[in-house]
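Report on the structure given below.
Numbering (our numbering), first residue to last: 8 to 527.
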């Protein structure tokens with residue numbers, strides 16, 4: 008009969024646990040939380056600068072480096088675990104999220120489950136010291152979790168506006184180049200430039216925030232200095248992104264995709280150098296903490312006194328992981344039911360004397376609000392003109408959302424001057440009425456979304472992939488926007504309101520055909 012010493016049993020349990028973890032989380036490699044948002048061939052700019060997410064190989068590699076620098080601290084914690092099992096309770100929510108991620112097929116939720124289970128395992132085997140040693144390497148992986156699209160849309164548009172306005176100010180006041188901004192569009196005598204989502208700077212700021220974490224850990228900066236670097240990193244990111252926008256505007260070849268991307272990468276490098284310069288100024292005032300230096304301490308030698316207790320903890324964790332992994336085989340992943348969705352193309356090109364003309368949709372400019380299907384038309388009746396935009400979202404992809412402040416705008420050069428919620432006859436949902444200011448004109452728009460929940464409900468549903476389960480009914484979100492130009496006087500606004508309501512009366516019977524998804 009095979010007999011193992013406590014130390015041998017402990018090591019065997021550790022090795023077996025690593026094998027079980029690799030099996031349980033095998034689908035994280037390759038990691039692709041938003042496969043619908045995967046860039047196409049030649050779209051390197053989207054890969055580097057899309058608003059949310061980071062490079063999976065880079066983050067996994069850096070996390071492995073963090074773990075390597077802490078292996079002695081991890082070994083010391085496991086060798087002499089401290090009292091306290093509080094962090095081990097993370098195993099419970101981690102297990103629940105693991106099962107849900109397997110069911111919904113959500114890679115980002117599976118990664119969060121891995122983080123919770125890893126921290127819980129560290130607390131179970133090493134107590135508080137084990138949890139602390141694993142915290143940065145494991146929590147660093149959360150940078151790979153994409154921000155819910157509804158939240159991104161609330162952040163990204165103000166950043167686009169800020170970059171457009173700041174660019175015009177710098178061109179006028181600093182460089183002496185006449186320029187004006189309207190909405191997300193900046194105009195000079197030689198060109199017109201639109202600040203799209205990839206130029207808004209959110210990805211640049213998050214990349215420099217990641218760089219600040221790596222920099223502070225690599226050079227063992229104090230806690231206070233680390234906090235200051237983390238606070239400064241997004242600000243530096245905003246500054247270098249503004250420099251990128253200006254360089255693209257001033258470079259005649261800036262519209263070439265390769266140059267567009269190269270300039271962005273160069274500005275990220277500039278941001279890292281600025282971060283290093285700030286660190287040089289701070290390092291004299293904030294010496295490294297002893298706790299930061301402890302991870303470089305000599306390894307603690309094995310102690311046989313607590314060998315049996317260590318083995319019990321290790322085998323307990325192994326048993327837990329085996330049960331968790333086995334349960335995953337019992338979970339049947341969700342499969343979407345084949346459904347028939349209402350299509351905006353059902354709206355005719357001619358409506359009660361209103362003759363429509365189709366306008367091409369710039370999908371790249373739509374960014375994080377790109378719908379499943381959409382039509383954009385201009386309807387004319389005599390001298391009256393109405394712009395109609397109808398979009399649907401079948402919620403199959405989690406990388407876009409119709410919930411965005413941009414959806415009230417008929418074009419990128421418009422900004423909101425006034426906005427209120429109103430009720431319209433024949434429309435069951437609240438309507439957002441917006442008075443818009445363009446570069447040379449004003450406009451009035453009515454926008455509503457059929458089937459939407461509140462912002463927080465949509466964020467929760469998107470973040471937890473609830474629409475990828477049988478626990479909620481299938482939905483189809485339908486966004487409708489009608490808009491028309493108007494003059495500067497109160498009378499012109501009344502006329503614009505009258506035009507919109509007249510067109511809505513004609514459009515109404517077509518919108519009554521909107522319905523939820525129906526099984527084939």
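Beta carbons: idealized from backbone N, C-alpha and C, even for Gly. It should be emphasised that the depicted structure is a prediction, and the values quoted were computed from it without experimental measurement.
Looking at the DSSP output, residue 456 sits in a beta bridge with 486. Put simply, the region 412-423 touches the region 438-458. At least three CB pairs are less than 8 Å apart.
Within the same chain, Cβ atoms closer than 6 Å to the Cβ of residue 200 are found at 193, 256, the five residues on either side in sequence being excluded.
Secondary structure note for residue 443: its beta strand (DSSP E) is the uninterrupted segment 438-444.
Between residue 524 and residue 347, the gap from beta carbon to beta carbon is short of 8 Å. Taking the Cα positions, residue 23 is about 37 Å away from residue 233. In this structure residue 330 is exposed. Its beta-carbon is surrounded by fewer than 16 other beta-carbon atoms within 10 angstroms. The Cβ neighbour count for residue 105, taken over all protein chains shown within 10 Å, is at least 16; the residue is labelled buried. In its chain, beyond the 5 residues on either side, 380, 399 have a beta carbon closer than 8 Å to the beta carbon of residue 350.
By the Cβ neighbour-count rule, residue 495 is exposed, with fewer than 16 other Cβ atoms within 10 Å of its own. The region 426-435 and the region 496-506 do not touch, with fewer than three beta-carbon pairs separated by less than 8 Å. The alpha carbon of residue 336 has as its nearest neighbour, out of 32, 19, 20, 25, the alpha carbon of 32. Straight-line spacing of the CA atoms in residue 73 and residue 139 works out to 12 Å. Looking at 479, 157, 457, 442, the one whose alpha-carbon comes closest to that of residue 492 is 442. Per DSSP, residue 371 is one residue of the alpha helix (DSSP H) stretching across 370-373. DSSP places residue 187 in the strand class (E or B) of the three-state scheme. Note that the C-beta distance between residue 71 and residue 38 is not below 8 Å.
Separation of residue 40 and residue 114 (C-alpha to C-alpha, rounded to the nearest whole angstrom) is 5 Å.
By alpha-carbon distance to residue 95, the top candidate from 123, 107, 75 is 123.
In the structure shown, residue 277 adopts helical secondary structure according to DSSP, grouped into three states. Taking the C-beta atoms as reference points, residue 409 is found no nearer than 8 Å to residue 437. Note on geometry: alpha-carbon atoms of residue 357 and residue 342 lie some 39 Å from one another.
For the 8 Å CB-CB criterion, residue 345 and residue 414 do not form a contact. In this structure, the alpha-carbon of residue 504 lies about 9 Å from that of residue 490. Beta-bridge partners assigned by DSSP to residue 400: 484.
For the set 354, 240, 120, the Cα lying nearest the Cα of residue 511 is the one of 354. According to the DSSP assignment, residue 336 belongs to no beta strand (DSSP E), since it is labelled neither H nor E.
Judged by beta-carbon spacing, residue 130 lies beyond the 8 Å limit of residue 151, meaning their Cβ atoms are not closer than that value. Within the same chain, 384, 385 come within 7 Å of residue 364 by CB-CB distance, once the 5 residues on both sides are set aside.
Annotation: residue 369 to residue 271 spans about 22 Å, alpha carbon to alpha carbon. With 16 or more other CB atoms across the displayed protein chains lying within 10 angstroms of its CB, residue 155 is buried.
Around the beta carbon of residue 287, fewer than 16 other beta carbons lie within 10 angstroms, which makes this residue exposed.
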